[in-house]
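If you read the sequence shown in the numbering used here, its first letter stands for residue 395, the second for the next number, and so on.
Ideal Cβ positions, reconstructed from N, Cα and C, are used throughout, including at glycine.
Model, not experiment: these values are computed from the prediction.
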Amino acid sequence: MTLVSRQKSLHQAALKALPFTCSLALACTGAAADETFLVTLPPLGDPHLNIVQREADEAVRIAKVTTPTLDFTQAQRFEEHPAGAATVRVLRDANAFSLPSGNISFEDELNFKLGNGLFRKLWVSSPSSTLASDGLGPLFNARSCQRCHIKDGRGHPPENASDNSVSIFLRVSIMDPDGVPDDARLTEIADYIATRPDPTYGTQLQDFAVQGHAPEYALGIAYEEETVTLSDGTEVLLRHPTYTTNNLGYGFLAQGAMLSPRVAPQMIGLGLLEAIPAADILAGADPDDLDGDGISGRPNVVWSVEYDQPMLGRFGLKAGNPTIMQQSAGAFAGDIGISNPLFPAGSGECTANQTQCQNAIHGDEDARGTEIDAIGMDLVTFYSRNLGVPARRDVDNPVVLRGKEVFYNTGCTACHTPSFVTHRLEKQPEQSFQLIWPYTDMLLHDMGPALADSRPEARATGNEWRTPPLWGIGLTEQVSGHTYFLHDGRARSLLEAVLWHGGEAQAQRDIVVDMATEDREALLRFLESL
């Protein structure tokens with residue numbers, strides 16, 4: 395890590411301890427007179443959390459414990475527990491991501507299991523004798539949450555022509571012709587990029603349909619390979635994907651339609667990410683790169699359907715959703731075609747131009763109200779919030795410690811922030827006041843043209859992606875049966891994923907290319923320990 399990167403990390407750690415107040419288009423001001431930085435955002439808070447305010451002495455302790463280490467001779471205290479008291483033991487099978495928070499109560503473990511049942515439920519089309527499970531589609535990408543998030547892990551692109559694409563789909567939108575959002579409330583969010591759904595296909599393409607309806611498309615993927623030669627002569631093949639929308643079922647996409655492939659991400663630790671104070675995340679933002687280190691993290695700001703206000707985007711590959719509830723509700727509507735209290739349309743994601751879909755029989759005209767009701771959504775959200783993060787492995791291993799040093803000194807922590815302390819919370823003991831090690835800043839970063847999908851989402855540009863959490867990444871093959879990474883699964887290994895970094899991370903990527911073999915291997919060994 396360069397000196398300026400180290401200073402930036404230490405400065406951000408100090409900012410986390412300050413009690414911030416933010417006002418529209420003015421400034422966020424900390425407790426010290428010189429801790430003021432400009433923002434052009436609406437006031438952002440955490441209305442989804444029942445917060446107990448931190449005391450002054452707690453703020454000092456938090457700043458100390460989250461300051462990046464300079465000592466790589468031994469593991470840091472508590473580092474083997476990446477989710478704090480919520481950390482779970484490491485299973486040696488594919489269920490390693492499916493345990494409840496380690497500090498969950500016996501009573502709440504029952505709610506977790508009920509939520510798991512709904513997460514795994516296979517929905518059926520209407521009309522059906524199983525009223526509690528009908529309402530599928532009519533257009534959908536999968537029949538259950540578990541079909542995409544297999545074993546609560548990562549999805550994958552099709553491995554060959556005969557493989558299915560159930561855990562990857564294409565988002566779609568078009569630019570708003572007048573550049574002004576349809577919803578006037580969004581104009582208060584600075585730099586909001588106005589887009590609209592495709593008038594026929596909506597905001598995502600569904601490749602399945604119930605009987606009597608045509609699916610929207612069939613996903614086609616073709617790869618071209620590029621050889622990258624490392625300093626020691628090692629050759630690594632990177633595959634560049636091209637996506638096609640084959641067999642369009644409802645006519646042409648709109649002119650200028652923007653497509654973005656999305657592989658289902660892993661589910662662990664979501665509740666802890668949701669409990670990080672928004673002010674702590676905003677403290678790491680440097681949109682104008684004022685410190686000159688080349689890293690310009692920006693927050694995404696999105697509209698909360700739950701709370702009817704702008705909120706910090708946290709979830710999704712471009713941080714397009716503010717809460718686990720909204721992320722889950724959007725997936726029920728878009729991925730499975732299941733209406734819910736936040737997105738109550740019985741036709742799911744089908745558009746006004748898809749009249750047969752609009753006029754189909756749906757499952758929302760019974761006692762449930764919507765096809766999954768508020769109680770069901772609460773249970774699924776509770777389950778998603780409490781999927782435990784497995785303990786670190788080999789934290790004291792000399793090679794792992796050397797890899798950690800390489801990771802820090804290369805500057806990777808400028809985006810992959812090692813640790814946070816969550817809010818002290820009422821009614822959420824599992825997430826309350828935990829020291830966590832997710833290795834993400836939860837911000838958007840320009841990752842360069844090679845990874846760009848050229849599709850904006852709220853404030854995120856077509857080149858920007860949210861920094862993904864790294865916890866659990868070393869267990870991907872054990873849980874998901876593959877080692878495919880990045881937003882579309884193009885990387886077939888951790889090394890390939892690193893070599894795809896560009897834009898703000900180009901310098902770090904180039905250092906890895908030129909790195910001594912033993913340092914590169916140690917770096918990968920550290921990542922595998924997370």
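If residue i sits next to residue j, beta carbons under 8 Å apart, how far is it from one beta carbon to the other, in whole angstroms?
i	j	result
Ala739	Ser733	6 Å
Gly549	Val657	5 Å
Met719	Met661	Not quite, the Cβ-Cβ distance comes to about 14 Å (not below 8 Å), so this is no contact.
Tyr833	Pro863	6 Å
Met652	Arg884	About 18 Å; that fails the 8 Å criterion.
Val793	Arg919	5 Å
Gly782	Val482	3 Å
Val446	Leu736	Val446 to Leu736, Cβ: 27 Å. No contact.
Gln598	Leu564	7 Å
Gly866	Phe491	7 Å
Asp592	Ala648	5 Å
Thr594	Thr775	That belief does not hold up - the Cβ atoms of Thr594 and Thr775 are roughly 31 Å apart, past 8 Å.
Val459	Val815	7 Å
Thr467	Leu921	Not a contact, Cβ separation roughly 20 Å.
Ile755	Pro476	The pair is not a contact, with the Cβ atoms about 47 Å apart (cut-off 8 Å).
Exposed or buried, residue i, counting other C-beta atoms within 10 Å across all chains shown (16 or more means buried)?
i	result
Ala610	Reading off the sequence, residue 610 comes out as Glu, not Ala. So Glu610 counts as buried.
Ala427	For Ala427, the pLDDT reaches just 33, beneath the cut-off of 50, and the residue's location in the model is therefore unreliable, although a value from the coordinates is still provided. So Ala427 counts as exposed.
Ser923	buried
His895	buried
Tyr586	buried
Leu917	buried
Lys515	buried
His817	buried
Leu706	buried
Glu799	buried
Ile456	buried
Ala421	Here Ala421 scores only 33 on pLDDT, less than 50, and its place in the model is too uncertain to base an answer on.
Phe500	exposed
Gly678	buried
Gly650	exposed
Val892	buried
Arg786	buried
Ala727	buried
Ile689	buried
Ile769	exposed
Val574	exposed
Gly645	exposed
Leu684	exposed
Ser625	exposed
For the beta strand (DSSP E) that residue i lies in, which residues bound it at each end?
i	result
Leu613	612 to 623
Thr638	629 to 640
Arg563	The question names Arg, but residue 563 in the sequence shown is Phe. Run containing Phe563: 562 to 569, per the beta strand (DSSP E) assignment.
Val657	652 to 657
What is the residue span of the alpha helix (DSSP H) that residue i lies within?
i	result
Glu851	Unbroken run through Glu851: none, as it is neither H nor E.
Met719	718 to 725
Cys929	Past the edges of the chain, shown from 395 to 924, lies residue 929, and the structure says nothing about it.
Leu504	500 to 514
Arg455	450 to 460
Gln750	749 to 752
Arg541	539 to 542
Worksheet item: Where are the alpha helix (DSSP H) runs, 4 residues long or more, that stay fully inside the region 766 to 827, in chain order?
Response: 768 to 779, 792 to 804
Discussion item. With a threshold of 8 Å, are at least 3 pairs of Cβ atoms found where one atom belongs to the region 852 to 872 and the other to the region 707 to 719?
Written reply: yes
Worksheet item: Using 8 Å as the Cβ pair cut-off and three pairs as the minimum, do the region 532 to 540 and the region 739 to 753 touch?
Response: yes
Worksheet item: Residue ranges of each alpha helix (DSSP H) run of no fewer than 4 residues wholly in the region 832 to 915, ordered along the chain?
Response: 870 to 874, 888 to 893, 900 to 908
Worksheet item: How do the region 623 to 633 and the region 591 to 610 stand: do at least 3 beta-carbon pairs fall below 8 Å, yes or no?
Response: no
Practice prompt. Quick one: which unbroken beta strand (DSSP E) runs of 3-plus residues sit fully inside the region 669 to 708? Chain order, please.
Written response: 695 to 698, 703 to 706
Worksheet item: Are the region 822 to 841 and the region 664 to 680 touching, with three or more C-beta to C-beta distances below 8 Å?
Response: In short, these stretches touch, since the Cβ pair count reaches three.
Discussion item. Pairs of beta-carbons, one from the region 535 to 544 and one from the region 806 to 815, closer than 8 Å: are there three or more?
Written reply: no
Practice prompt. Report yes or no: do three or more beta-carbon pairs, one from the region 835 to 846 and one from the region 688 to 708, lie closer than 8 Å?
Written response: yes
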